[in-house]
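S.K.: If you scroll down you'll find the structure; I have some questions about it.
Protein chains: 2
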Amino acid sequence: MIAASVKQMGHLAKQAAFLMAKASPLQKEEALVVLADKLHEAEKEILEANERDQCSARLAHLSEALIDRLSLKGRLPSLANDVKKVILLPDPIGEEFEIQTLPNGLRVCKRRVPIGVLGVIYESRPNVTIDVAALTLKTGNCAILRGGSETLQTNLALLSLIQQALQKASLPPHAIQMIATNAREQVAQLLQLDESVDLIIPRGGAELHQYCRTQSRIPVLTGGVGICHLFVDASADLPRAIEVIFNAKTQRPSVCNALDTLLVHADIAERWIPEVIMRLKKGGVSFRVDSQTWQLLQRILPSLEGIHEAQQGDWDTEWLSLVLGIRIVENIDQSIEHIRQHSTGHSDGILTEDRQQAEQFLQDIDSAVVYVNASTRFTDGGQLGLGAEVAISTQKLHARGPMGLKELTTYKWIIQGDYHVRLS
Amino acid sequence: MIAASVKQMGHLAKQAAFLMAKASPLQKEEALVVLADKLHEAEKEILEANERDQCSARLAHLSEALIDRLSLKGRLPSLANDVKKVILLPDPIGEEFEIQTLPNGLRVCKRRVPIGVLGVIYESRPNVTIDVAALTLKTGNCAILRGGSETLQTNLALLSLIQQALQKASLPPHAIQMIATNAREQVAQLLQLDESVDLIIPRGGAELHQYCRTQSRIPVLTGGVGICHLFVDASADLPRAIEVIFNAKTQRPSVCNALDTLLVHADIAERWIPEVIMRLKKGGVSFRVDSQTWQLLQRILPSLEGIHEAQQGDWDTEWLSLVLGIRIVENIDQSIEHIRQHSTGHSDGILTEDRQQAEQFLQDIDSAVVYVNASTRFTDGGQLGLGAEVAISTQKLHARGPMGLKELTTYKWIIQGDYHVRLS
Numbered sequence: 023m024i025a026a027s028v029k030q031m032g033h034l035a036k037q038a039a040f041l042m043a044k045a046s047p048l049q050k051e052e053a054l055v056v057l058a059d060k061l062h063e064a065e066k067e068i069l070e071a072n073e074r075d076q077c078s079a080r081l082a083h084l085s086e087a088l089i090d091r092l093s094l095k096g097r098l099p100s101l102a103n104d105v106k107k108v109i110l111l112p113d114p115i116g117e118e119f120e121i122q123t124l125p126n127g128l129r130v131c132k133r134r135v136p137i138g139v140l141g142v143i144y145e146s147r148p149n150v151t152i153d154v155a156a157l158t159l160k161t162g163n164c165a166i167l168r169g170g171s172e173t174l175q176t177n178l179a180l181l182s183l184i185q186q187a188l189q190k191a192s193l194p195p196h197a198i199q200m201i202a203t204n205a206r207e208q209v210a211q212l213l214q215l216d217e218s219v220d221l222i223i224p225r226g227g228a229e230l231h232q233y234c235r236t237q238s239r240i241p242v243l244t245g246g247v248g249i250c251h252l253f254v255d256a257s258a259d260l261p262r263a264i265e266v267i268f269n270a271k272t273q274r275p276s277v278c279n280a281l282d283t284l285l286v287h288a289d290i291a292e293r294w295i296p297e298v299i300m301r302l303k304k305g306g307v308s309f310r311v312d313s314q315t316w317q318l319l320q321r322i323l324p325s326l327e328g329i330h331e332a333q334q335g336d337w338d339t340e341w342l343s344l345v346l347g348i349r350i351v352e353n354i355d356q357s358i359e360h361i362r363q364h365s366t367g368h369s370d371g372i373l374t375e376d377r378q379q380a381e382q383f384l385q386d387i388d389s390a391v392v393y394v395n396a397s398t399r400f401t402d403g404g405q406l407g408l409g410a411e412v413a414i415s416t417q418k419l420h421a422r423g424p425m426g427l428k429e430l431t432t433y434k435w436i437i438q439g440d441y442h443v444r445l446s
Numbered sequence: 023m024i025a026a027s028v029k030q031m032g033h034l035a036k037q038a039a040f041l042m043a044k045a046s047p048l049q050k051e052e053a054l055v056v057l058a059d060k061l062h063e064a065e066k067e068i069l070e071a072n073e074r075d076q077c078s079a080r081l082a083h084l085s086e087a088l089i090d091r092l093s094l095k096g097r098l099p100s101l102a103n104d105v106k107k108v109i110l111l112p113d114p115i116g117e118e119f120e121i122q123t124l125p126n127g128l129r130v131c132k133r134r135v136p137i138g139v140l141g142v143i144y145e146s147r148p149n150v151t152i153d154v155a156a157l158t159l160k161t162g163n164c165a166i167l168r169g170g171s172e173t174l175q176t177n178l179a180l181l182s183l184i185q186q187a188l189q190k191a192s193l194p195p196h197a198i199q200m201i202a203t204n205a206r207e208q209v210a211q212l213l214q215l216d217e218s219v220d221l222i223i224p225r226g227g228a229e230l231h232q233y234c235r236t237q238s239r240i241p242v243l244t245g246g247v248g249i250c251h252l253f254v255d256a257s258a259d260l261p262r263a264i265e266v267i268f269n270a271k272t273q274r275p276s277v278c279n280a281l282d283t284l285l286v287h288a289d290i291a292e293r294w295i296p297e298v299i300m301r302l303k304k305g306g307v308s309f310r311v312d313s314q315t316w317q318l319l320q321r322i323l324p325s326l327e328g329i330h331e332a333q334q335g336d337w338d339t340e341w342l343s344l345v346l347g348i349r350i351v352e353n354i355d356q357s358i359e360h361i362r363q364h365s366t367g368h369s370d371g372i373l374t375e376d377r378q379q380a381e382q383f384l385q386d387i388d389s390a391v392v393y394v395n396a397s398t399r400f401t402d403g404g405q406l407g408l409g410a411e412v413a414i415s416t417q418k419l420h421a422r423g424p425m426g427l428k429e430l431t432t433y434k435w436i437i438q439g440d441y442h443v444r445l446s
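Residue numbers (our numbering), protein chains in the order written: chain A, 23 to 446; chain B, 23 to 446.
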């Protein structure tokens, strides 16, 4: 079932896309139900393949932390559950909207349709394979997947289940395909396939996104990298603000919506920054602080353990760990200036009791999600009621911020007349 | 007012974009009113610059038809009117939508904002300069323009008015800038400016679009190329179908929504194709027909003047002139197959009285606009009530088909809480 070349895969995907666009909601549901079942039934084969990947990883001296991320042991029920959640979401395809009858009698509407063929390039965790397949299938799209080389055997085992499920529901098995080698040049080929692939979705670090954006002649969905800021104004409810910061930094530090830089109004810096540091140290956080904060802390604190003066580049680093940058700013304008310069346009917020300052911040900060008095951790499809999350877009076109099923669709205009001709 | 390098222009545009996003509707209106006025007041300077362009064009032995397209003589009132029309359209910026309060009390909405900086690359007619400037300004965006080399002097004269109008309204003059040389490498530089430019909009032929798509690391709005089809089913009201085809082909043959290929159901081919040809010949149309039609016509028609057998590549040609391809198909499936293979995904339609066939066609044809019983000429922002037309997109992301002001915007999520933290 694995196609000979990437070009050939594109061709097969495009044919499959024609059929997938017509698939009924029931057919798609059947495929997903079968897939969820097979994740139980085929546990043995999947875990064997997964074991082979882990052996190779050990031979290649990968870290135990990484090897643990690859492991599916005990995690298959959770994968099956993810599929079941997607089954319960409403099918977005076929919805008609902006329905109107023009003065000349033409009936016009937009009808929601799949985008077509997605190229999804991702790293490490094999659950992404099932996740992407379920979302792709639900939205009537097709996908060419390219997973991490460390999980190739696991991914191939999962792909086999996915294709069996498609066939069981009389859907084209080539709707989901996989580039099944570790060679880098096949990724480059995929990025050139603008005849058959409609959208590239990288899921990984900044480097992967950058590579796709510079190499692809297909539109690329950029996102997933978040250098997130919170500005604490002098008017903020400071004890509650500390808990928001604690949450934004420590609740899950390895993800893109975790806090990276705290900007503090100068008027409250001296009395409040030491409190923040003491509270966050309890969560295991260490700090990179600007020189003004550094001088302040040297004066005040008995120990500077876990606190360092910020180096060049620190403000442009997505920490993805228990590190927090702290900088003192003179006023809201300076905080906006800092964010405009260093934000990746993901999630940035203000903590304030001053309505006017809040409105200025909402106006001037042009990020995918802008917050007043809340943790940046809410930038998440599940938290915002989208059901599933496809990705978090930090680009401005098509979709911005958390993307759900609807954002994996497009529309066509449908115009119905009575042999209408245009007069002028 | 002309920046030294393209990179520098990008930097200035990005600064201007921050201010333009905050411009009030009144400020933007003032700038547009001043621009419309200046197009009257500065008639003499503009026409002098335009005369210089025409002299250069004559020296370069450009065709008289092309030189006529460059001319603004007598056309300035119409340009001013286009600006006035944009003034009357509603300002899309700042609108809030999908407003909701989550169960945890977070207030969430999306707010419509400008995209940012547009790079617009276009050819020939200088009215595009005013058109794009007005739409850009109304939507709070900024633009770096690169017009055709044949109209450089005219465009610079128009740019000067635009920048004066911006200044008069206390808006940053660098909101609209222009690459003021004829050198090709500056276009290449513009396409690499992903730090400051958010979207590339090519307005021109297929070659320009292709160039941008392959060279740009910025998202490109692809569109404007339409190989448009109509399939006439045996059940269609044939006399009325002929008038739709006449309209689609002859009303304005040089534009992208004009008909290129007529597909005729075999059951009606023999009696009806000769009628179509006789009617369209009165409109000056000539024909490229498939071999089956060719044999049929040889048998039936007294003269084959203006009729040729189709050559390889003809079905993939956007005629942009009074040429029509005609092919006989066995049934609707074959028409869909032909369209899937040769359409550019712009505008395709069916003429039929059979509701089921119409629905199959609407389902299976994945073009930006799909028609039942109407001329393809309606694919137009003005005709479909969008007010202004920015472009017609044939890509699937962001916007599809006619794009109005709203399609030159994006949104940001706004989340307001009461020191909310995420619990799981």
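Don't be surprised by glycine CBs; every beta carbon is placed ideally from N, CA and C.
Since the structure is predicted, the reported quantities are computational estimates derived from the model, not experimental observations.
In chain order, what residues of the same chain lie with their CB nearer than 7 Å to the CB of B/S365, ignoring the 5 residues before and after it?
M.R.: Translated into the one-based positions of the second sequence, residue 365 of chain B becomes position 343. Counting only Cβ-Cβ distances below 7 Å, and skipping sequence neighbours, we find I249, H251, S389.
S.K.: Determine the direct distance from the alpha carbon of B/V139 to that of A/R362, and round the result to whole angstroms.
M.R.: Walking along the first sequence from the start, residue 362 of chain A turns up at place 340. Walking along the second sequence from the start, residue 139 of chain B turns up at place 117. Each residue's Cα considered, the two are about 15 Å apart.
S.K.: Quick one: using the 10 Å Cβ neighbour count with 16 as the cut-off for buried, is B/F119 buried or exposed?
M.R.: The residue given as residue 119 of chain B occupies position 97 in the second sequence. Under a 10 Å Cβ-count criterion, B/F119 is classified as exposed, with fewer than 16 other Cβ atoms of the shown protein chains found around its own Cβ.
S.K.: Count Cβ pairs between the stretch 127-145 of chain B and the stretch 211-227 of chain B that sit closer than 8 Å; are there 3 or more?
M.R.: yes
S.K.: Looking only at its chain, what residues have a beta carbon closer than 6 Å to the beta carbon of B/L212, apart from the 5 residues adjacent to it on each side?
M.R.: Sequence index remark: in the second sequence, residue 212 of chain B carries index 190 (1-based). Only V28, G141 meet the Cβ criterion.
S.K.: For B/D153, write down the residues that DSSP places opposite it in a beta bridge.
M.R.: What you label residue 153 of chain B is simply residue 131 of the second sequence in a count that begins at 1. Paired residue(s): none; B/D153 is not in a bridge.
S.K.: Could you please give me the residues that DSSP links to A/K434 through a beta bridge?
M.R.: By one-based count along the first sequence, residue 434 of chain A stands at place 412. DSSP lists A/R133 as the bridge partner or partners of A/K434.
S.K.: Give me, in chain order, the residues of the same chain whose beta-carbon lies closer than 6 Å to that of A/C164; leave out the 5 immediate sequence neighbours on both sides.
M.R.: In the first sequence, residue 164 of chain A corresponds to position 142, counting from 1. Closer than 6 Å at the Cβ level, and outside the excluded window around A/C164, lie A35, A38, A39, M42, V139, A197.
S.K.: If you follow the alpha helix (DSSP H) that A/N269 is in, where does it begin and where does it stop?
M.R.: Here residue 269 of chain A refers to the residue found at position 247 of the first sequence. Taken as a continuous stretch (DSSP letters only), the alpha helix (DSSP H) holding A/N269 covers 260-272.
S.K.: Using 8 Å for Cβ pairs, my map puts B/L427 next to B/A410. What's the rounded Cβ distance?
M.R.: Along the second sequence, one-based indexing puts residue 427 of chain B at 405. Along the second sequence, one-based indexing puts residue 410 of chain B at 388. The Cβ separation is near 6 Å, so the contact holds.
S.K.: Between B/S446 and A/G162, what straight-line distance do the alpha-carbon atoms span, to the nearest angstrom?
M.R.: Sequence index remark: in the second sequence, residue 446 of chain B carries index 424 (1-based). Sequence index remark: in the first sequence, residue 162 of chain A carries index 140 (1-based). B/S446 and A/G162: Cα-Cα distance of roughly 31 Å.
S.K.: Which chain A residues are close to B/N163, counting only those with a beta carbon under 7 Å from its beta carbon?
M.R.: Taking the first residue of the second sequence as position 1, residue 163 of chain B is located at position 141. Within chain A, no residue comes near B/N163; the closest Cβ sits about 11 Å away, beyond 7 Å.
S.K.: As an exercise, report each continuous beta strand (DSSP E) stretch of at least 3 residues that is fully enclosed by the stretch 186-271 of chain B, in chain order.
M.R.: 198-200, 221-225, 250-254
S.K.: So which residues of chain B does A/Q385 contact, with C-beta pairs closer than 7 Å?
M.R.: By one-based count along the first sequence, residue 385 of chain A stands at place 363. K44, listed in chain order.
S.K.: Three-state secondary structure (DSSP) at A/L445?
M.R.: Locating residue 445 of chain A in the first sequence gives position 423, where the first residue counts as 1. In this structure, A/L445 counts as coil in the three-state DSSP scheme.
S.K.: Using the Cα positions of A/A396 and A/G371, report the straight-line distance between them to the nearest angstrom.
M.R.: Residue mapping note: residue 396 of chain A aligns to position 374 of the first sequence, counting from 1. Residue mapping note: residue 371 of chain A aligns to position 349 of the first sequence, counting from 1. Cα to Cα, the separation comes out at about 7 Å.
S.K.: Taking Cβ positions only, does B/H420 come closer than 7 Å to chain A?
M.R.: Here residue 420 of chain B refers to the residue found at position 398 of the second sequence. Chain A contact via Cβ: present.
S.K.: Whose CA, out of A/G96, A/E429, A/L101, A/A71, lies closest to the CA of B/S419?
M.R.: Here the question's residue 419 of chain B lines up with position 397 in the second sequence. Correcting the residue identity first, residue 419 of chain B is Leu in this sequence and not Ser. Selected option, being the one with the closest Cα: A/E429.
S.K.: Are the Cβ atoms of A/T236 and B/R239 separated by less than 7 Å?
M.R.: Within the first sequence, the letter at position 214 stands for residue 236 of chain A. Within the second sequence, the letter at position 217 stands for residue 239 of chain B. Going by C-beta atoms, A/T236 is nearer than 7 Å to B/R239.
S.K.: Can you look up A/E381 in the DSSP assignment and give me helix, strand or coil?
M.R.: Reading the first sequence from its first residue, position 359 is the one you call residue 381 of chain A. It is helical.
S.K.: Where does B/N395 sit, in a helix, a strand or coil, going by DSSP?
M.R.: Numbered from 1 along the second sequence, position 373 holds the residue referred to as residue 395 of chain B. Under the three-state reduction of DSSP, B/N395 is assigned to strand.
S.K.: Between the stretch 324-342 of chain B and chain A, which residues of the former have CB atoms less than 7 Å from a CB of the latter, in chain order?
M.R.: Within the stretch 324-342 of chain B, not one residue has a Cβ closer than 7 Å to any Cβ of chain A.
S.K.: Alpha carbon to alpha carbon, what distance is there between A/A179 and A/K107?
M.R.: Mapped onto the first sequence, residue 107 of chain A falls at position 85. Mapped onto the first sequence, residue 179 of chain A falls at position 157. Those two C-alpha atoms are separated by around 22 Å.
S.K.: Could you name the residues that DSSP lists as bridge partners for B/D370?
M.R.: Taking the first residue of the second sequence as 1, we reach residue 370 of chain B at position 348. In DSSP, B/D370 forms a bridge with B/H251, B/V392.
S.K.: Please confirm if A/E120 has its CB atom under 7 Å from at least one CB of chain B.
M.R.: If you number the first sequence from 1, residue 120 of chain A lands on position 98. For A/E120, the answer is no, since every Cβ of chain B falls outside 7 Å of its Cβ.
S.K.: For B/A71 and B/E65, I'd like the C-alpha separation in whole angstroms.
M.R.: Start at 1 with the first residue of the second sequence, and residue 71 of chain B comes out as number 49. Start at 1 with the first residue of the second sequence, and residue 65 of chain B comes out as number 43. Going from the Cα of B/A71 to the Cα of B/E65 covers about 10 Å.
S.K.: Check whether chain B comes within 7 Å of A/T229, counting only Cβ atoms and requiring the distance to be less than that.
M.R.: Against the first sequence, residue 229 of chain A aligns to sequence position 207. Note on residue identity: the sequence assigns Glu, not Thr, to residue 229 of chain A. It does not: the Cβ of A/E229 has no partner Cβ on chain B nearer than 7 Å.
S.K.: Under the three-state reduction of DSSP, which class applies to B/Q122: helix, strand or coil?
M.R.: As a first step, residue 122 of chain B is located in the second sequence; it is residue number 100 there, counting from the start. It is a strand residue.
S.K.: For B/I24, which residues of its own chain have a beta-carbon under 6 Å away from its beta-carbon, when the five flanking residues on both sides are left out?
M.R.: To locate residue 24 of chain B, count along the second sequence from 1; it is residue 2. Confidence is the limiting factor: at B/I24 the pLDDT is only 44, short of 50, which leaves the residue's position unreliable and the question unanswerable from this model.
S.K.: For A/E474, return the contacting residues in chain B, with the cut-off set at a CB-CB distance below 9 Å.
M.R.: One cannot answer for residue 474 of chain A here, as it falls past the ends of chain A, which runs 23 to 446.
S.K.: Which chain B residues sit within Cβ distance under 7 Å of A/I437?
M.R.: Indexing the first sequence from 1 puts residue 437 of chain A at position 415. The answer, in chain order, is V391, Y393, A396, F400.
S.K.: Determine the direct distance from the alpha carbon of A/P114 to that of B/A421, and round the result to whole angstroms.
M.R.: Taking the second sequence and counting its residues from 1, the one referred to as residue 421 of chain B is at position 399. Taking the first sequence and counting its residues from 1, the one referred to as residue 114 of chain A is at position 92. So the two alpha carbons sit approximately 17 Å from each other.
S.K.: Are the Cβ atoms of A/L183 and A/K60 separated by less than 7 Å?
M.R.: Reading the first sequence from its first residue, position 161 is the one you call residue 183 of chain A. Reading the first sequence from its first residue, position 38 is the one you call residue 60 of chain A. Closer than 7 Å, so yes.
S.K.: Cα separation between B/Q122 and A/I267?
M.R.: Numbered from its first residue, the second sequence carries residue 122 of chain B at position 100. Numbered from its first residue, the first sequence carries residue 267 of chain A at position 245. Taking the straight line from one Cα to the other gives about 24 Å.
S.K.: Excluding the five sequence neighbours on either side, which residues of its own chain have a C-beta within less than 8 Å of the C-beta of B/I437, listed in chain order?
M.R.: Your numbering for residue 437 of chain B matches position 415 in the second sequence. L128, R129, V130, listed in sequence order.
S.K.: Any Cβ of chain A within less than 7 Å of the Cβ of B/G423?
M.R.: In the second sequence, counting from the first residue as 1, residue 423 of chain B sits at position 401. Yes, B/G423 lies at the interface with chain A (some Cβ there is under 7 Å from its Cβ).
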